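Down below is the structure, laid out as structure tokens.
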Amino acid sequence: MEQETPSTSVPPVTPVTPVAPVAASAPSAAVDGTPPALRAEPTTEEIPKARSPRAEAPEAAGSGAEVAAAQQTPRPVPPTLGVPAHSGRRPPSYPPVPQGRPRVSDDPTAAVLPDIVLDGAAYPPLTVRAASVRGDSHRYHGEPRQDSLGVSLLGEPGPGELLMLAVADGVGSASLSHVGSSSVCRWAAWAFAHHAQELYEALAAGAAARFAELATFVVERLADKLARNAKSRSHDPASHATTLRVLLVPRDPSIRTRGLLTVGDGGIALLRDGRWDLDPGGTSEASGAGDGVIDTRTAALPLSRTAETRLLTTRPGDVLVLSTDGLSTPLAGESEMREFFGSAWGGGSVPEPADFLWQFQYRVKSYDDDRTGVVLWEALP
Amino acid sequence: MQILPFYLLCDESGSMAGDNVDALNTTLPELHHEISTNPTVADKTRFCLIGFSTEANVLQPLVDLSDIEEVPALAAGGLTSFGNAFRTLLRCIETDVAALKAEGHEVYRPVAFFMSDGIPTDDDWPQAYKELTESRFCPKIIAFGVGDAEESTIAQVANFRAFIQQDSNVSPAAALREFASSLTRSIVRSASSIAADGGSDFTLSVEETVPGFATVSLDKL
């Protein structure tokens, strides 16, 4: 049955890898001389201790020699992380794994969308981990993931290069929003790349108005393209409705300004010195949460054509989290989740991709929406 | 957590006695099962049952259905006071929402399913209804009229959807079963703020038709 494990029993997530430059450590033979398994399975020395209460990796480092001696044919057991951790008394009642898929004959566009996307990039001192995971509710109903993400490098080789991080959340009530969100993440990379130099110059100069002007120009083009694409398939443009959030980050470490543009809901959060700021550089006061009732309405492309923009100034050591509301909403609402991610991501090191994905799937009952986040670590020099 | 408070208001006046109430009582466990085993609903809804006749009684205070073994039964008798039903609903909503927020939860706009077989016997119910619908956490109300219920009254009670029984072979229990299945389909989805319908704070997907029932137009507003 369900685990009744109190979340406090989840060991803190221990960072494993030093911040970029990430030197791939060559797998070494175990201390006791046990030959590495086929294809250099990591030894117990190299893997983090199992973090999930369910992942009882047999006696980690230390007693390896005894174990080896006790067994005739010692064989390293591949580590497993197991079911993602959860907050509160009970995990969500949904199964924590991918479920049924949309059928090709029902919706060819939905049927080919992956349940989970894991991505990343490293441009020292910047490191990116990104994931988009289909929500429990969409899994349960055999519906596609409507969230999308994008991680792209813009500009010509040289000092003006920009890292573009994007997330998009297809509006739940729009029937083809998965097409809208996945399209807009791809097109955003191409559209912003056209203006990479101007965007870079605006960011380098900290020119908020110029950045806003460029962002608006590109967002209008994206809105037009989304609407045109929908119409060319005889779809109502509103059926492709999607939010979009883009963070543009100069590769040049001497430029500390990052440009954010958003259409619709979602989040940008800053993890600095172990503390969360859920509205960095924001002017709005805490958005009256806790006051009224939950409002799931959002502005969305292509009907909305204007982006809100802001410039953020970061420091080495900062972690920025760009996300859809499937992450930002529970992050704002659940302190246990903030603590969990704070500990997983705020320790000064970047998790390995598989660890990141396990962490990213942290479960909180009642939050069953698609979850997408692009996390940027800015290493200390 | 994000919680959707769901209120079921059932007429248990004298005219419901016999088959109607028996059928509803047979259906309540099915409803309980349907709700508590569907994670989409179970993980974020809380359920409350209010029976009304001359008075209105909270038979099951707002609860996570997976935390209780069974839903209390209805018992028929008395008159049909819509006013008491709406006053009780408003009182419950105000108390429940405040309590949920105090526990740190976010709350969706409550949803109320209202079922009656009769004509209200109190004249001042529109005043109680007005107070309910003008309250801060005014619920989305879906009304089912069965038996002798008047279409115009049912339309007046609903602010979201209204259905009136057409086929007398269809029992109120069928409507309740439909309620259960509507509930399980009532996935809370994000909506575009510039949707054609002007939008509301969340989208409740409830079927526009119910077998054996006619959909009552709410255009009177």
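Line order of the protein sequences matches chains A and B. Position one of the first sequence corresponds to residue 159 (my numbering), numbered consecutively onward. Position one of the second sequence corresponds to residue 32 (my numbering), numbered consecutively onward. Ideal placement from N, C-alpha and C gives every residue a C-beta, glycine not left out. Being a predicted model, the structure only gives us computed values, none of them experimental.
Go to residue i, then tell me how far its alpha helix (DSSP H) extends in each direction, as first and last residue.
| i | result |
| --- | --- |
| Lys389(A) | 366 to 390 |
| Ser306(A) | Here Ser306(A) belongs to no alpha helix (DSSP H); instead the beta strand (DSSP E) covers 305 to 312. |
| Val337(A) | 335 to 351 |
| Asp483(A) | 483 to 491 |
| Val128(B) | 113 to 133 |
| Leu266(A) | A small correction: the amino acid at residue 266(A) is Pro; Leu does not occupy that position in the sequence shown. 266 to 269 is the span of the alpha helix (DSSP H), which, as asked, contains Pro266(A). |
Of the choices the options, whose alpha-carbon is the least far from that of residue i?
| i | options | result |
| --- | --- | --- |
| Thr85(B) | Ala73(B), Lys132(B), Asp154(B) | Asp154(B) |
| Leu480(A) | His398(A), Val508(A), Gly531(A), Arg292(A) | Gly531(A) |
| Glu137(B) | Ala381(A), Tyr358(A), Thr454(A) | Thr454(A) |
| Gly308(A) | His299(A), Ala363(A), Met322(A), Pro302(A) | Met322(A) |
| Arg416(A) | Gly330(A), Gly506(A), Ala360(A), Thr231(A) | Ala360(A) |
| Val508(A) | Arg259(A), Val533(A), Gly425(A), Thr471(A) | Val533(A) |
| Ala73(B) | Gly246(A), Pro250(A), Ser392(A) | Pro250(A) |
| Phe113(B) | Phe244(B), Ile185(B), Ser248(B) | Ile185(B) |
| Arg287(A) | Ser493(A), Phe518(A), Arg496(A) | Phe518(A) |
| Leu284(A) | Arg344(A), Glu319(A), His353(A) | Glu319(A) |
| Val404(A) | Pro395(A), Ala370(A), Leu419(A) | Leu419(A) |
| Asp394(A) | Val451(A), Leu461(A), Ala347(A) | Leu461(A) |
| Pro511(A) | Gly364(A), Val275(A), Leu384(A) | Val275(A) |
| Phe144(B) | Ala48(B), Val247(B), Gln197(B), Ala193(B) | Ala193(B) |
Quick check on the DSSP output: the beta strand (DSSP E) that includes residue i runs from which residue to which?
| i | result |
| --- | --- |
| Asn56(B) | It is not in any beta strand (DSSP E) - Asn56(B) instead sits in the alpha helix (DSSP H) that spans 50 to 68. |
| Ala245(B) | 244 to 247 |
| Glu356(A) | Here Glu356(A) belongs to no beta strand (DSSP E); instead the alpha helix (DSSP H) covers 354 to 362. |
| Gly450(A) | First-last for Gly450(A): undefined, no H or E at that position. |
| Asp394(A) | From DSSP, Asp394(A) is part of no beta strand (DSSP E); its letter is neither H nor E. |
| Pro92(B) | 87 to 94 |
| Thr76(B) | 76 to 83 |
| Ala279(A) | 274 to 281 |
| Gly417(A) | 415 to 421 |
Return helix, strand or coil for residue i, following the three-state DSSP convention.
| i | result |
| --- | --- |
| Val329(A) | coil |
| His244(A) | strand |
| Ala324(A) | strand |
| Val255(A) | coil |
| Pro511(A) | helix |
| Arg292(A) | coil |
| Thr192(A) | In this prediction, Thr192(A) has a pLDDT of 34, which is less than 50 and means its spatial position is unreliable; nothing more can be read from the coordinates. |
| Asp435(A) | strand |
| Pro179(A) | Low per-residue confidence applies at Pro179(A): pLDDT is 38, beneath 50, and the placement is therefore not dependable enough to give any value. |
| Glu536(A) | strand |
| Gln148(A) | No answer is possible for residue 148(A): the residues shown for chain A start at 159 and end at 539. |
| Gly300(A) | coil |
| Gly45(B) | helix |
| Thr471(A) | strand |
| Ala427(A) | strand |
| Thr456(A) | strand |
| Glu466(A) | strand |
| Gly316(A) | coil |
| Leu110(B) | coil |
| Thr401(A) | coil |
| Thr71(B) | helix |
| Leu207(B) | helix |
| Gly506(A) | coil |
| Gly531(A) | strand |
| Pro233(A) | Note that residue 233(A) corresponds to Arg in the displayed sequence, not to Pro. It is coil, neither helix nor strand. |
| Arg496(A) | helix |
message: Tell me whether the segment 240 to 250 of chain A and the segment 48 to 68 of chain B touch, counting them as touching only if at least three CB pairs, one residue from each stretch, are closer than 8 Å.
response: Three or more beta-carbon pairs separated by less than 8 Å are not found between the segment 240 to 250 of chain A and the segment 48 to 68 of chain B, which leaves the two stretches without contact.
field: Ordered list of alpha helix (DSSP H) runs contained in the segment 136 to 205 of chain B, each at least 4 residues
entry: 156 to 164, 182 to 188
- prompt: Taking contact to mean at least 3 C-beta pairs separated by less than 8 Å, is the segment 372 to 389 of chain A in contact with the segment 276 to 295 of chain A?
  reply: With fewer than three CB-CB distances shorter than 8 Å, the segment 372 to 389 of chain A does not count as touching the segment 276 to 295 of chain A.
Stretch-stretch touch, CB-based, cutoff 8 Å, three pairs: the segment 323 to 330 of chain A with the segment 395 to 402 of chain A: yes
- prompt: the segment 443 to 477 of chain A: which residues have C-beta closer than 8 Å to a C-beta of chain C, in chain order?
  reply: Protein chains A and B are contained in the structure displayed, whereas chain C is not.
field: contact_flag[the segment 421 to 432 of chain A, the segment 457 to 475 of chain A] where n(CB pairs < 8 Å) is 3 or more
entry: yes
field: Cβ contact (3+ pairs, closer than 8 Å) linking the segment 277 to 286 of chain A and the segment 260 to 267 of chain A
entry: Contact between the segment 277 to 286 of chain A and the segment 260 to 267 of chain A is absent, because fewer than three Cβ pairs lie under 8 Å.
query: Is there contact here, the segment 87 to 100 of chain B with the segment 496 to 505 of chain A, by at least three beta-carbon pairs under 8 Å?
result: Because the criterion of three Cβ pairs below 8 Å is not met, the segment 87 to 100 of chain B and the segment 496 to 505 of chain A do not touch.
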